[in-house]
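Residues in the sequence shown are numbered consecutively from 105, following our numbering. Note that CB positions come from ideal geometry on N, CA and C, so glycine has one too.
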Amino acid sequence: MADQNGILLESGTNELEIVEFEVNGSKYGINVIKVKEIIQPAAVIPIPHAHQYIKGIIQLRGEVLPVIDMRQVLGSQPVEKNAQEKYIVSEFNQQKVVFHVDNVSMIHRVSWDQIEKPSDMYQSTDTKVIGVIKRNDEMLLLLDFESIILEINPESGINVGMVKKLGERERSVKKLVVAEDSPLLRQLLADTLKEAGYDHAEFFENGQDALQYLESLTAGGKLIEEHVQLVITDIEMPQMDGHHLTRRIKEHESLKKLPVVIFSSLITNDLKHKGNKVGADDQISKPEINQLINAIDRLIL
Numbered sequence: 105m106a107d108q109n110g111i112l113l114e115s116g117t118n119e120l121e122i123v124e125f126e127v128n129g130s131k132y133g134i135n136v137i138k139v140k141e142i143i144q145p146a147a148v149i150p151i152p153h154a155h156q157y158i159k160g161i162i163q164l165r166g167e168v169l170p171v172i173d174m175r176q177v178l179g180s181q182p183v184e185k186n187a188q189e190k191y192i193v194s195e196f197n198q199q200k201v202v203f204h205v206d207n208v209s210m211i212h213r214v215s216w217d218q219i220e221k222p223s224d225m226y227q228s229t230d231t232k233v234i235g236v237i238k239r240n241d242e243m244l245l246l247l248d249f250e251s252i253i254l255e256i257n258p259e260s261g262i263n264v265g266m267v268k269k270l271g272e273r274e275r276s277v278k279k280l281v282v283a284e285d286s287p288l289l290r291q292l293l294a295d296t297l298k299e300a301g302y303d304h305a306e307f308f309e310n311g312q313d314a315l316q317y318l319e320s321l322t323a324g325g326k327l328i329e330e331h332v333q334l335v336i337t338d339i340e341m342p343q344m345d346g347h348h349l350t351r352r353i354k355e356h357e358s359l360k361k362l363p364v365v366i367f368s369s370l371i372t373n374d375l376k377h378k379g380n381k382v383g384a385d386d387q388i389s390k391p392e393i394n395q396l397i398n399a400i401d402r403l404i405l
């Protein structure tokens with residue numbers, strides 16, 4: 105089911121809609137939930153000594169927004185301007201940014217299980233590709249926009265310093281399961297959870313792997329609470345997204361009592377209802393790691 109703008113209303117279907125855009129002849133995608141609007145390029149004011157990805161700033165209805173040149177991000181050679189160029193105005197991680205692309209073509213609705221994770225041959229902690237969608241004879245690359253923003257402004261990411269502000273922490277024997285597709289964010293989460301006293305966290309790069317692991321722990325009638333006390337999940341992940349994972353856990357007879365916290369750049373007041381509908385126990389917007397730790401403390405200590 106979709107509203108008049110084509111955005112999926114139903115929660116936990118493991119589907120998403122992707123805006124397809126082009127940079128230097130290659131096709132990429134961004135989750136439509138992150139897109140506020142698509143506009144014609146506007147006059148940009150350059151910023152001295154800005155990051156190489158930053159083209160400058162524009163004013164849009166009273167807001168001053170940074171413009172990120174996706175050609176620079178993707179290592180493409182500068183090309184002449186063309187009439188199809190567009191600005192994708194986006195909002196996630198509690199901030200608005202504008203992505204300058206060569207063209208915006210269409211919107212696709214796909215299932216997360218159609219999105220393949222990048223090959224280990226080119227996957228690394230600084231990869232900008234989090235998924236590959238095969239469409240006929242073409243490939244659409246789903247980009248990790250959070251890591252692009254983090255590269256430009258490291259202070260906008262998960263920060264161990266936020267946890268240190270919570271004060272002295274005791275070590276906890278509680279075990280967590282974390283589903284997060286970004287290698288960089290998995291490492292940052294591991295570091296900050298350890299700082300918060302949670303040394304026992306098992307990490308998975310998608311919801312499907314996390315669910316299979318949880319189900320394996322209940323084989324033979326074993327109680328899940330004896331092995332895992334809480335699940336943290338991102339929303340955007342290949343194979344199975346966080347909303348669908350949460351729904352599957354809450355519908356599973358042996359797993360349904362397990363607390364689930366959704367920790368995602370897509371948590372906004374307008375979208376929290378999606379997590380509520382699938383039974384999430386809490387929803388925290390990245391990068392508010394201190395709020396995540398407080399939620400974990402409240403749910404399992």
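Integer Cβ distance of residue i from residue j, believed to fall under 8 Å
i, j, result
"HIS212", "GLU124", "6 Å"
"ILE161", "ILE149", "5 Å"
"LEU289", "ILE262", "7 Å"
"ARG273", "LEU315", "The pair is not a contact, with the Cβ atoms about 29 Å apart (cut-off 8 Å)."
"GLU195", "LYS138", "7 Å"
"GLY133", "LEU270", "Not a contact, Cβ separation roughly 37 Å."
"TYR157", "ILE256", "5 Å"
"LEU164", "VAL201", "LEU164 to VAL201, Cβ: 11 Å. No contact."
"ASN135", "LYS390", "14 Å between Cβ atoms; not a contact."
"GLN343", "GLN312", "4 Å"
Residues of its chain near residue i, where Cβ-Cβ distance is below 7 Å and the 5 sequence neighbours each way are ignored
i, result
"ALA294", "ALA305, PHE307"
"ASN394", "MET266, VAL267, LYS269, LEU270"
Contacting residues, own chain, Cβ-Cβ under 6 Å from residue i (five flanking each side not counted)
i, result
"SER276", "GLY301, TYR302"
"THR229", "Caution is warranted here: a pLDDT of 49 is assigned to THR229, below 50, making its placement in the model unreliable, and the coordinate value is therefore given only provisionally. Cβ within range, chain order: PRO287, LEU288."
"ALA384", "THR350, VAL364, ILE366"
"ASP248", "LYS232, ILE234, SER286"
"MET210", "GLU124"
"ALA387", "In the sequence under discussion, the amino acid at residue 387 is Gln, which differs from the Ala named in the question. Taken in chain order, the residues that qualify are ILE366, ILE371, LYS376, GLY379."
"LEU297", "ALA305"
Residues sharing a beta bridge with residue i, DSSP
i, result
"LEU244", "ILE237"
"ASP191", "Strictly speaking, residue 191 in this sequence is Tyr, with Asp absent from that position. For TYR191, which the question treats as bridged, DSSP gives the partners ILE143, HIS204."
Proximity winner among the options, relative to residue i (alpha-carbon distances)
i, options, result
"ILE234", "ASP241, TRP216, GLU242, ASN240", "TRP216"
"GLN188", "GLY129, LEU246, ASN197", "GLY129"
"PRO287", "LEU280, GLY265, ASN310, GLU299", "ASN310"
"ILE371", "HIS356, GLU340, LYS190", "GLU340"
"GLY346", "VAL201, ASP285, GLN218", "ASP285"
"GLY116", "ILE400, MET344, HIS348", "HIS348"
"VAL282", "LEU327, PRO152, LEU396", "LEU396"
"ILE404", "ASN394, LEU334, GLU392", "LEU334"
"THR337", "GLN218, LYS326, SER369", "SER369"
"GLU220", "MET243, VAL208, SER180", "MET243"
"LYS140", "PRO152, ILE122, HIS155", "ILE122"
"ALA154", "VAL171, GLN144, LEU318, ALA147", "VAL171"
"ASN240", "GLU259, GLN218, SER260", "GLN218"
Span of the alpha helix (DSSP H), counted from its first residue to its last, around residue i
i, result
"GLN387", "Element bounds for GLN387: not the alpha helix (DSSP H) but the beta strand (DSSP E), 386-389."
"VAL365", "Counting along the chain, VAL365 falls outside any alpha helix (DSSP H), though it belongs to the beta strand (DSSP E) covering 364-368."
"LYS378", "376-381"
"LEU396", "393-404"
"GLU355", "346-355"
"VAL267", "264-268"
Endpoints, the beta strand (DSSP E) within which residue i is located
i, result
"THR337", "334-337"
"SER251", "From DSSP, SER251 is part of no beta strand (DSSP E) but of the alpha helix (DSSP H) over 249-256."
"GLN163", "158-164"
"ASP303", "302-308"
"VAL177", "Note, VAL177: premise wrong, no beta strand (DSSP E); alpha helix (DSSP H) at 174-177."
"MET210", "207-215"
"GLY472", "Residue 472 is absent from the structure shown; the chain starts at 105 and stops at 405."
"SER320", "Unbroken run through SER320 is the alpha helix (DSSP H), 311-321; no beta strand (DSSP E)."
"LYS279", "276-283"
Residues near residue i by beta carbon distance below 8 Å, same chain, minus five either side
i, result
"HIS331", "LYS279, LEU321"
C-beta neighbour in chain D for residue i, strict 7 Å
i, result
"ASP401", "Among the chains in the structure shown there is no chain D, since it carries only a single protein chain."
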